[in-house]
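Colleague:
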Amino acid sequence: MTPAVQLTSVGKVYGYGPSAMIALNDVDLTIEPGRFVSLIGPSGCGKSTLLRIVAGLESAGRGEVRVHDVTPSEAGAAKLIGLVPQTPALLPWLSVLKNVTLPQKINPGAARRRQRIGDLAERGGRKPAPDMLELLDRAGLADAAHKLPAQLSGGMQQRAAIVRAFGLQPDVLLMDEPFSALDEFTRESLQDQLLDLWDELKTTVLFVTHSVSEAVRMSDTVVVMAPRPGRIVDVIDIDLPRPRNQRLFEERRFHEYEDLIRDRLHSAWRSTDAA
Numbered sequence: 003m004t005p006a007v008q009l010t011s012v013g014k015v016y017g018y019g020p021s022a023m024i025a026l027n028d029v030d031l032t033i034e035p036g037r038f039v040s041l042i043g044p045s046g047c048g049k050s051t052l053l054r055i056v057a058g059l060e061s062a063g064r065g066e067v068r069v070h071d072v073t074p075s076e077a078g079a080a081k082l083i084g085l086v087p088q089t090p091a092l093l094p095w096l097s098v099l100k101n102v103t104l105p106q107k108i109n110p111g112a113a114r115r116r117q118r119i120g121d122l123a124e125r126g127g128r129k130p131a132p133d134m135l136e137l138l139d140r141a142g143l144a145d146a147a148h149k150l151p152a153q154l155s156g157g158m159q160q161r162a163a164i165v166r167a168f169g170l171q172p173d174v175l176l177m178d179e180p181f182s183a184l185d186e187f188t189r190e191s192l193q194d195q196l197l198d199l200w201d202e203l204k205t206t207v208l209f210v211t212h213s214v215s216e217a218v219r220m221s222d223t224v225v226v227m228a229p230r231p232g233r234i235v236d237v238i239d240i241d242l243p244r245p246r247n248q249r250l251f252e253e254r255r256f257h258e259y260e261d262l263i264r265d266r267l268h269s270a271w272r273s274t275d276a277a
């Protein structure tokens, strides 16, 4: 099966000459369809840059990026890619329901473009468009459907952004620290809801986080990155049963994975400082 995301020797440099900054250096990563993969690392290691390159919002300086074996720009045109940024970016003059249904209305040709893409066409295309009111209900937003974003809490706005992203049924969902600005209780609640949606829809997710516990709880695979230059230093498969609810935090193996990832992060920092 064709990988959902394939990065080969990807590099990115900002600036020129002595002041040039290497954001990414020789990044190789393969993500199979339906996997939940987290990127974790300190600030400046290139996590968000890597996400933007996969999304087609920035170009790689060198190397190759493929999303279901097409370029990010082609994947974006076919709406294979969904993006949930750090802030919800809801249109303030539209209701929650109109915000989450807007992508379906302004991308009527996406399904046809998707059908022309190799293995996706062979799989028979997308299911019928989801009932957005039902998705809002599952996200705890049924009573907020006709409210404006300003009438919602930060957590509710982020729930709406996640529903909006799932509405186009993307094959790859990119999430850039979507819960970082939320309190712990709200963050764990949104993790639960995201995992429920992902478990049903089996969308491939590439998830950027600074939280070790969040990465372990959510992921099939955790990719550890280091800065200066931004690079991958380890890829750790998380062999924990699903579904993963709050009781997971009490399990010994969960904390062993946390310790392993923290050790890899500290090792990456030490190697960077030594260089």
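Quick note on my numbering: the sequence shown kicks off at 3 and runs consecutively.
Here a beta-carbon is modelled for each residue, glycine too, at the ideal position from N, C-alpha and C.
Of the residues P90, L262 and W271, which one's Cα is nearest the Cα of V237?
Modeller: Here residue 237 is taken as the residue at index 235 of the sequence shown, counted from 1. Of the listed residues, the one whose Cα sits closest to V237 is L262.
Colleague: Can you give me the C-alpha to C-alpha distance between G17 and G63, rounded to a whole angstrom?
Modeller: In the sequence shown, counting from the first residue as 1, residue 17 sits at position 15. In the sequence shown, counting from the first residue as 1, residue 63 sits at position 61. So the alpha carbons of these two residues sit roughly 11 Å apart.
Colleague: In or out: M3 buried (at least 16 other Cβ within 10 Å) or exposed?
Modeller: By one-based count along the sequence shown, residue 3 stands at place 1. Counting Cβ neighbours within 10 Å, M3 comes out exposed, since fewer than 16 surround it.
Colleague: Does DSSP classify I263 as helix, strand or coil?
Modeller: If you number the sequence shown from 1, residue 263 lands on position 261. The answer is helix: DSSP assigns I263 an H, G or I state.
Colleague: Take F256 as the anchor and find which of P243, H268 and D265 has the nearest alpha-carbon.
Modeller: The residue given as residue 256 occupies position 254 in the sequence shown. Closest option to F256, Cα to Cα, is P243.
Colleague: Assign A144 to one of two classes, buried (16 or more other C-beta atoms within 10 Å of its C-beta) or exposed (fewer than that).
Modeller: One-based indexing of the sequence shown puts residue 144 at position 142. With fewer than 16 Cβ atoms within 10 Å of its Cβ, A144 is classed as exposed.
Colleague: Using 8 Å as the cut-off, can you tell me whether the segment 39 to 58 makes contact with the segment 206 to 223, which would need three or more C-beta pairs spanning the two stretches below that distance?
Modeller: Because the criterion of three Cβ pairs below 8 Å is met, the segment 39 to 58 and the segment 206 to 223 touch.
Colleague: Assign P231 to one of two classes, buried (16 or more other C-beta atoms within 10 Å of its C-beta) or exposed (fewer than that).
Modeller: Within the sequence shown, numbered from 1, the residue matching residue 231 stands at position 229. So P231 counts as buried.
Colleague: In three-state DSSP terms, what is I83?
Modeller: Translated into positions along the sequence shown, residue 83 becomes position 81. Of the three classes helix, strand and coil, the one that applies to I83 here is strand, per DSSP.
Colleague: Buried or exposed: which applies to Q159, given that a residue is buried once 16 or more other Cβ atoms fall within 10 Å of its Cβ?
Modeller: For the purposes of this step, residue 159 is taken as the residue at position 157 of the sequence shown. Per the 10 Å Cβ criterion, buried.
Colleague: Measure the C-alpha to C-alpha separation of E253 and Q195 and round it to an integer number of angstroms.
Modeller: Locating residue 253 in the sequence shown gives position 251, where the first residue counts as 1. Locating residue 195 in the sequence shown gives position 193, where the first residue counts as 1. Near 21 Å, if we compare the C-alpha coordinates of Q195 and E253.
Colleague: Do you know how far the Cα of E260 is from the Cα of R1?
Modeller: Past the edges of the chain, shown from 3 to 277, lies residue 1, and the structure says nothing about it.
Colleague: Hey, out of P35, P229 and F181, whose CA is closest to R266's CA?
Modeller: Translated into positions along the sequence shown, residue 266 becomes position 264. Of the candidates P35, P229 and F181, the one whose C-alpha sits nearest the C-alpha of R266 is P229.
Colleague: Write down every uninterrupted run of the beta strand (DSSP E) in the segment 155 to 241 whose length is 3 residues or greater and which is fully enclosed by it, in chain order.
Modeller: The qualifying runs are 174 to 178, 206 to 211, 223 to 228 and 233 to 239.
Colleague: Take the Cβ of W200 as the centre, count every other Cβ of all protein chains shown within 10 Å, and call the residue buried at 16 or more, exposed below.
Modeller: Within the sequence shown, residue 200 is the residue found at index 198, counting from 1. W200 should be labelled buried.
Colleague: Around the Cβ of D185, are there at least 16 other Cβ atoms within 10 angstroms (buried) or fewer (exposed)?
Modeller: Taking the first residue of the sequence shown as 1, we reach residue 185 at position 183. Result: exposed.
Colleague: Taking the straight line between their C-alpha atoms, what separation do you get for P105 and L92?
Modeller: Counting from one through the sequence shown, the residue named residue 105 turns up at place 103. Counting from one through the sequence shown, the residue named residue 92 turns up at place 90. Roughly 12 Å separates the two Cα atoms.
Colleague: What did DSSP end up calling A152 once you bin it into helix, strand or coil?
Modeller: Within the sequence shown, residue 152 is the residue found at index 150, counting from 1. In this structure, A152 counts as helix in the three-state DSSP scheme.
Colleague: Only counting the same chain, and skipping five residues up and downstream in sequence, which positions put a Cβ closer than 6 Å to that of M177?
Modeller: For this step, residue 177 is matched to residue 175 along the sequence shown. Contacts found: V86 and F209.
Colleague: Can you tell me where the alpha helix (DSSP H) holding R140 begins and where it ends?
Modeller: As a first step, residue 140 is located in the sequence shown; it is residue number 138 there, counting from the start. Start and end: M134 to R140.
Colleague: Out of A57, A6, I55 and T10, state which residue places its alpha-carbon closest to the alpha-carbon of E34.
Modeller: For the purposes of this step, residue 34 is identified with residue 32 of the sequence shown, where counting begins at 1. Nearest of A57, A6, I55 and T10 to E34, Cα basis: A6.
Colleague: Could you give the distance in angstroms between the alpha-carbon of E202 and the alpha-carbon of E136?
Modeller: For this step, residue 202 is matched to residue 200 along the sequence shown. For this step, residue 136 is matched to residue 134 along the sequence shown. If you take the alpha carbons of E202 and E136, they lie about 14 Å apart.
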